[in-house]
Amino acid sequence: TDEIWRAFETVQNLCIGTDVMVGFPEENDSEFENTLNLLDKLPLTYFHVFPF
401 TDEIWRAFET VQNLCIGTDV MVGFPEENDS EFENTLNLLD KLPLTYFHVF PF
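Under the working numbering, the first residue of the sequence shown carries the number 401, and numbering increases by one thereafter.
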């Protein structure tokens, strides 16, 4: 995540997106919340969420 923040500080009008898979059979609620919290904190322009 440090690299993402550094890129936003360096490049004007940067647009970063990501694809995320959720709902792995062994994924528990805590792991899902960790993923959600990370996505919420990052300065992403867009993200696509796909169920496993």
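Glycine residues also receive a C-beta, built at the ideal position from the N, C-alpha and C atoms.
Residue state for F424 is assigned as coil, using DSSP reduced to three classes. According to DSSP, T418 shares a beta bridge with F447. By the criterion of a C-beta distance shorter than 8 Å, P425 is surrounded in its chain by F452, once the five residues flanking it on both sides are discounted.
In this model, V422 and E433 are separated by some 11 Å (Cα to Cα).
Per DSSP, the continuous alpha helix (DSSP H) segment holding F432 begins and ends at 429–441.
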